[in-house]
Structure formats: structure tokens, C-alpha cells
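Numbering (the working numbering) for the sequence shown: 0 to 296.
Here is the structure we will look at, set down as C-alpha cells.
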Amino acid sequence: MAVIDRILSPTSSFQTRFFFLAKRFVAGETIASALAAVRELNAEGLTATLDFLGEDVADVAEARRTRDTYVEMLAAIEREAARTNVSVKLTALGLLVDETLSAGFLTDIVERAKRLPDPFVRIDMEGSAVTEATLRVFESVYQHDANVGPVIQAYLKRSPADVERAIALGARVRLCKGAYSEPDSVALQDMPTIRKAYLRLAEALLTRGTYPGIATHDERLIEAVKAFAAEHGIGKDRFEFQLLYGVRPELQRALVRDGHNVRVYVPFGTHWAGYFYRRITERRENAFFVLRSLVSR
Ligand SMILES: Cc1cc2nc3c(=O)[nH]c(=O)nc-3n(C[C@H](O)[C@H](O)[C@H](O)COP(=O)(O)OP(=O)(O)OC[C@H]3O[C@@H](n4cnc5c(N)ncnc54)[C@H](O)[C@@H]3O)c2cc1C
């Protein structure tokens, strides 16, 4: 436990030393390394969304640095004509410090993204303590610019209403299961129920929503979405599958070969611990991969 805590501490030199463990899931520590990963994905027919890792920022200066990094990243994407948009966490833009400030930083990012061929900015969804505030900031920015969209987590009990709200707004939604540990009072707990909820929300988004992102590595869900779309005459150009960098790469390529739009979520940066922790704790396969990397050194 003590070792894990030291590795995961964001200030720890352990994070630098242990980066080799996260390498499968994190595209590097710099914008250049992230763009190199995007270039490889683009060459294989996949698009991307770039995430500068970091969350729960506790002061304005750090939130401003995150905004600046996004602006720099967008300039680099434009220069390299990379086929990627960006994803951002509002707590990295200071949501926990000042909601209005984080909305302002998000607006700066959305404004800079407008110059790109793909100007879309995705707002990642974090723990349930910030769901309401995240959706509030999303709507306030969306009023001025429709190139921004939320993530909805199928495990949250409130999500059917949030999906209907997004559909009414015409907003582009990424649908995922949800990655945070949440209490029974707010979230469904068992996987079969979460899968059912996911599918119901996916069906609503596919039939009435705007270009939803179906974010999952769960082949049962992917097959169910494909079958539903085919049955209802929903073309492959009306939605995209989204998967995480380093997770089931063979499935990512198979979906492309099958004619689907596929976007890979590419995280980068030095603050990889929280993201990495969620990946290794949610799937046995991911944890085994990390153990193998340790053993083979
Ligand atoms: C693009 C993208 C963006 C996301 N954004 C957010 C967000 O903003 N907020 C949030 O809370 N969560 C987000 N998530 C995470 C998400 O909520 C889930 O925690 C995560 O995707 C795991 O759920 P799953 O549906 O992919 O599959 P799981 O439930 O993890 O797995 C389902 C099945 O898939 C197979 N599988 C999965 N992983 C592997 C593997 N590594 N190797 C082999 N087989 C595997 C297994 O058969 C497994 O039984 C995002 C996920 C993706 C893909």
C-alpha cells in the first residue's frame, strides 16, 4: 500500500521512474510524443482525442497552466494537420476552485479550437460530486458554441434524464459506463444492469441524438450497438466508436476495417497516476499487462 501511494503521489519522483508501467496507456509526457502517437493512429485510419492528464487542480495558477497547455496543443495540432480533437477535465481547469473561472478557461480552449478542421472539444466526466457543475459549465459554454459536448456515464441513475437533455440541445454526447467508484445512492452497481442501462442510452442517442461517441471496449455492447444501428437503418457515418489508447488495439483496427469511425482517447502528460490507477483497477487484463511489464524488465 505504501509503495502504491508513493508511486501514485503526483509530486513523487516515483512517477517519472515508473512511467514505463503507464507507457501502454499514456502516449508520453509531452505534446510532441502525444502527436507522434496520433500520427500513427491516423496512418491506420483512426482519429483521436487528446487529453492532457491532470485533475482536481487546487489553485488558479495551475488551472491557467492547463488552459495554456491546451492552447499550445491546439496550435501544434493545427501545424501538423493531425486528425484529432481534444478532451478536457473541468477540475483540471479549476472547477473546484471557481466554476466561473473554469468556464472562462474552457471558453478560451473552445475559441482556439475553432481554427481547426475538427474544432470539437469534449468535456470528460469525473466523479459524481462534480456531475451537476460539469453539466452546468457545459451548457453555459454550449449556448455560445455548439462545438463542445459532455460525457454521460451509464452507471449514474440520473443519466437517462441527462441524455434526454443533451438530445433536446442537439449536443454530441460520449457515452461510457463510468470509471469512478460511486455509492449505491447515485450509481448502478452490477455489470449486467450497467450494460442494460448503457444499451438503452445508446439506442436513444443513436436514434435521436447527434453523432454520439460509443465509448467502450465491451464487445457485447459493441455488437449490440452495431446490430441496433443496422436494424434501424442508422448509417456508420452517424456515430463513432471510441476506445482508450493501448486498450484492445486489435479491436480498434477491426472496427476500422469494418467501416466504422473510430476515435482513440490519447492521454499524455506527467500527471498520469490517477488515470493509470483507474485503468489497472477496472480490468484484470490491464493489471496483468502491467505485472508482465514489471516481470520482463
Ligand atoms: C474513449 C473513452 C473515454 C472515456 N471517458 C470517460 C469519462 O469521461 N468519464 C468516465 O467516468 N469514464 C470514461 N471512460 C471509461 C469508462 O467509463 C470505463 O471505465 C471503461 O471504458 C471500462 O469499461 P468498458 O465498457 O470499456 O469495458 P469493461 O467493463 O472494462 O470491460 C468489458 C469487457 O471488455 C473486454 N476488455 C476490456 N478491457 C480489456 C483489455 N484491456 N484486454 C482485453 N479485454 C478487455 C473484456 O471482455 C471485458 O469483460 C472512457 C472510456 C473510453 C473508452
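All C-beta atoms, glycine included, are put in the ideal place defined by N, C-alpha and C.
Secondary-structure assignment with DSSP links glutamate 239 through a beta bridge to Gly212 and Asn260. Within 7 Å of the C-beta of asparagine 41 there is not a single heavy atom belonging to ligand 1. Sixteen is the threshold: since fewer than 16 other Cβ atoms of the shown chains lie within 10 Å of the Cβ of glutamate 222, the residue is exposed. Contact annotation: alanine 145 and lysine 176 have beta-carbon atoms that are not nearer than 8 Å.
DSSP lists Val87 and Pro149 as the beta-bridge partner residues of isoleucine 122. By the C-beta density criterion, threonine 192 is exposed, having fewer than 16 other C-beta atoms within 10 angstroms. Following the DSSP letters along the chain, one finds threonine 48 in no alpha helix (DSSP H) but inside the beta strand (DSSP E) bounded by residues 46-51.
Ala203 is the residue among Ala57, Arg252, Ala203 and Ala253 whose C-alpha sits nearest the C-alpha of isoleucine 233. For alanine 75, the CB stays at least 7 Å from every heavy atom of ligand 1. Three or more beta-carbon pairs separated by less than 8 Å link the region 83-99 to the region 130-138, which places the two stretches in contact. If you compare the alpha carbons of Pro159, Leu155, Ala160 and Leu174 with that of glycine 148, the shortest gap goes to Leu174.
The shortest CA-to-CA distance from valine 150 to any of His143, Ala21, Lys22 and Glu125 is the one to Glu125. In chain order, Ser86, Lys88 and Val150 place their CB closer than 6 Å to the CB of aspartate 123, counting only its own chain and leaving out the 5 sequence neighbours on each side. Residue side-chain check: glycine 177 places its Cβ nearer than 7 Å to a non-hydrogen atom of ligand 1. Of the candidates Arg23, Val120, Arg114 and Val59, the residue whose Cα lies closest to the Cα of leucine 100 is Val59. Leu168 is the residue among Leu168, Ala26, Arg282 and Leu254 whose C-alpha sits nearest the C-alpha of tyrosine 141. By the CB criterion at 8 Å, phenylalanine 267 and alanine 33 fall inside the cutoff. In this structure, the beta-carbon distance from leucine 52 to tyrosine 244 does not fall below 8 Å.
In this structure, the straight-line span from the alpha carbon of phenylalanine 104 to that of aspartate 67 is close to 9 Å.
For leucine 243, the CB falls within less than 7 Å of some heavy atom of ligand 1.
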